[in-house]
Amino acid sequence: MTPTISAENISISYGDHHVIEQFSLAVEQGGFIGILGPNGCGKTTFLRALSRILKPDNGAVFIEGLDAQSYDSRTLAKTIGCVGQETDVAFPFSVREIVLMGRYPHIGKLAPLSETDLTIADEAMKTTNTLHLADRLITEVSGGERQRVLIARTLTQQPKILLLDEPTSHLDINHQIDIMELIRDLTPKITVIGVFHDLNLASYFCDRIVLMKQGKILAVGTPAEVLTPEKIKESFSVRMMATTHPLTGKPYLIPEYGVQPTSNSSHIHVISGGGTGTEILYTLCLHGFFVSAGVLAANDSDCLAAVKLGLETIIEPPFAVVSDNSVKKLKVMLTNADKIVVTGMPIGNGNLANLTALTDIPTPIYLIGEGKDYTDGEATRIRRTLIKNGAVVISNVTALMKILYE
Amino acid sequence: MLRHPILLLPALLIVLLISIVITTCIGVSGLSLLTFDSEMIHKLIFEVRLPRIIGALLVGAGLAAAGCVMQGLFRNPMADPYIIGTSTGGALGAACAIVFLGGLLMPLFAFIGAAASTITVYIISQRNGRMGVETLLLSGIAVSLFLSAMLSFIMYMSGNSLHQIMFWMMGGFWNMYWDDVGLALLIPAAAVILYIFSRDLNVMALGEEEAIHLGVNTERTKKILLMVSTFITAIAVSISGCIGFVGLIIPHIMRIFTGPDHRILLPASMLAGSILLMWADTFARTMPVEIPVGIITAFLGAPFFIYLLRRRTRV
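Read top to bottom, the protein sequences are chains U and G.
One point on numbering: in our numbering, the residue at position 181 of the first sequence is 182, and numbering is uninterrupted.
One point on numbering: in our numbering, the residue at position 104 of the second sequence is 129, and numbering is uninterrupted.
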């Protein structure tokens, strides 16, 4: 099958700056393709090449099998519709007038609008939920409404392919979702190619993702194939955690804010469990400390957090008693650490070894809160010993950070 | 904006026709249609007043049409027909004719000056077959400044002709004859071409890229519209000098009533421009001392414009 639209080896440069190099992409009919990449990677330029605003220096764009350059401007407008990033309209046309401009490529220069033209425009306004705005002025509707009006105008063109350049930027989350749902419902009748800046919106709505980096394609595939932390790191140079959205099952990306630890960062080991350490682990990472954790059970939420944060973690199988092997590893880690933080975790016979291991370690220890003791007083006894030997008791994370920065 | 803007066109047409009849009856000679010396009236009406009235009508329509198109093309309501150097070029041409040829061939020189300066601006702003609207605007300003320096020099050196140049520059219809009217008839003919592109102008209001997306051949459209409106302006300048304000204010005022749709805005502006300039010229020629009509248009136009701006928040 001939792809609906394809770019073959196109290169575009502004002066000496190569914005797009050797770019090839074929899009089948009916898909919803999202183009992602950091600012300045050439996403918009690529879109402008597809819509023939820019002529590639090399290579060619093919639309339904024909070279885009061979189209006359009206036929092209009947095939491809575009919604730009921000369109300011110079004069106060009414919404209906703007939408009817979409009929321009279909009618003669002086021909009056037919009944059919008016019906098509009304349909487009219904689809985009803008019919109630028809008699308002385009200069007097809100940003989200204007974006929907411009989509209605593009639909009135009756294109086979729809190109969108960040159609949801500057919009609130509710309007973003509205517009993305609206666009998704246009497929598979219309093939949609869009540049998006919100990775999670693209992950949820698009069937295929094109990830770009510096004018080249880094990866193409389903959201699950493309939106991995490794590829995102390569494209955006930022660390992201990839989870699965609990409802949609699509990849869901969460940025890891904060500073990466360096060789000079002090090493802090956190002993926690049952979710008492999650906030501490995260906060320490955020401040660029080199953090390790354990011993933790594999099903413990602190363990999940530590793994997601990419921390060095000593892990036991679920519900197992801390093994001698793990204790050995823990002792090495505790000795190497600059400081040790122990949270107010509940302590039973399973994880008591975490506490016992602390008794003959010279590293400074900080105790945050006190958890339930399920060991007939053994855990409490060890805590008292630790405090007697110089361990510092502090109330919360903020206090901990204060001490760590002193 | 009016509920049915289209009805403004027949209304303006009726006002125009009535205005023609009334202004024909007004004159400094005191003669009116009631005077019985028929041969005298015939001569006065057909040789003196009518050519002048119809000339003013056509020039007014032309300046308003050109202004309307320039505002649409530059997407800027402050654009006027002279924005890309047409008036300065025309004035320089006319000044040359006055100083070096004693006023001989002045309309021809004015036309050549107006056309040449605009073509220069086009050539400067062309790059790789494309003509950026901003570049056009800026090169228009640059060329205008250069030409006005030359004009000032000629005026400074012109001695006794200075008054004549000044009078010409302010614009007027005091020596209109039927052959000038014949020339002015090119204005409505060219305006038909502008009208054919009125839907394209509407789409261009969305911006050039959007217009391309909608299937407008923007480069060709820009070239045709600029050439035709420059042609109209150059004809107007060569007949009646640089009459200001009509091309700026009339499209502006009409947009308040008709909305921005050029299919109605353009003809409405032309009719209103005709009416305004006809009446302004009638004032000019019935004053105790004939004054340039450009002074009248500025005098009436500017305060009215300010009034409209204050009354309407949206223009």
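Virtual Cβ for every residue (Gly too), placed ideally from N, Cα, C.
Asked: Test item: CB-CB of residue 278 of chain G and residue 41 of chain G under 8 angstroms; Found: no
Asked: Members of the region 90 to 113 of chain U that neighbour chain G once the beta carbon cut-off is set at 8 angstroms; Found: 90, 91, 92, 93, 94, 95, 98, 99, 102, 103, 105, 106, 110, 111
Asked: Extent of the continuous alpha helix (DSSP H) to which residue 253 of chain G belongs; Found: 243 to 265
Asked: In chain order, each beta strand (DSSP E) run of at least 3 residues that lies wholly inside the region 199 to 249 of chain G; Found: none
Asked: Chain U within 8 angstroms of residue 228 of chain G, Cβ atoms only; Found: yes
Asked: Same chain, Cβ closer than 6 angstroms to residue 39 of chain G, neighbours up to 5 away in sequence not counted; Found: none
Asked: DSSP-derived helix/strand/coil call for residue 159 of chain U; Found: coil
Asked: Short Cβ contact (8 angstroms threshold) for residue 90 of chain U with residue 290 of chain G; Found: no
Asked: Interface flag, residue 240 of chain G vs chain U, CB-CB below 8 angstroms; Found: yes
Asked: Sequence-distant residues of its chain with Cβ nearer than 7 angstroms to residue 264 of chain U (five each side left out); Found: none
Asked: Chain-ordered chain U contacts of residue 232 of chain G [CB-CB under 9 angstroms]; Found: 85, 88, 89, 90, 91
Asked: Whether residue 123 of chain G touches residue 212 of chain G by CB criterion (8 angstroms); Found: no
Asked: Interface flag, residue 237 of chain G vs chain B, CB-CB below 8 angstroms; Found: The chain inventory of the structure shown lacks chain B, comprising the protein chains U and G.
Asked: Contact under 8 angstroms by Cβ, residue 318 of chain G with residue 198 of chain G; Found: yes
Asked: Members of the region 270 to 300 of chain G that neighbour chain U once the beta carbon cut-off is set at 8 angstroms; Found: 280, 284, 285, 286
Asked: Start-end ranges of the beta strand (DSSP E) lying completely within the region 207 to 265 of chain U, minimum 3 residues; Found: 209 to 214, 217 to 222, 241 to 245, 252 to 256
Asked: DSSP-derived helix/strand/coil call for residue 51 of chain G; Found: coil
Asked: Cβ-based neighbour list, residue 219 of chain U, same chain, cut-off 7 angstroms, excluding 5 preceding and 5 following; Found: 212, 213, 232, 235, 236
Asked: Under 7 angstroms (Cβ pairs) to chain U, residues found in the region 85 to 113 of chain G; Found: 100
Asked: Minimum Cβ-Cβ distance from residue 339 of chain G to chain U less than 8 angstroms; Found: Any answer about residue 339 of chain G is weak, because its pLDDT of 48 lies below 50 and its placement is not dependable; what the coordinates show is given next. At least one chain U Cβ lies under 8 angstroms of residue 339 of chain G.
Asked: Per-residue contacts from residue 77 of chain U into chain G (C-beta, under 8 angstroms); Found: 240
Asked: Collapsed DSSP secondary structure at residue 306 of chain G in the structure displayed; Found: helix
Asked: Burial state of residue 8 of chain U, where buried means 16 or more other Cβ atoms lie within 10 Å; Found: buried
Asked: Against chain G: residues of the region 40 to 68 of chain U by CB proximity under 9 angstroms; Found: 49, 52, 53, 54
Asked: Inter-stretch contact at 8 angstroms, needing at least 3 Cβ pairs: the region 235 to 248 of chain G / the region 118 to 128 of chain U; Found: no
Asked: Per DSSP, the bridge partner or partners of residue 152 of chain G; Found: G:155
Asked: Beta-carbon neighbours of residue 224 of chain G, restricted to chain U and to distances below 8 angstroms; Found: 105, 110, 111
Asked: 6 angstroms CB neighbourhood of residue 226 of chain G in its chain, flanking five on each side removed; Found: 97, 287
Asked: Buried versus exposed, by CB contacts within 10 Å (16 or more), residue 334 of chain U; Found: buried
Asked: Identified DSSP bridge partners for residue 367 of chain U; Found: U:342, U:393
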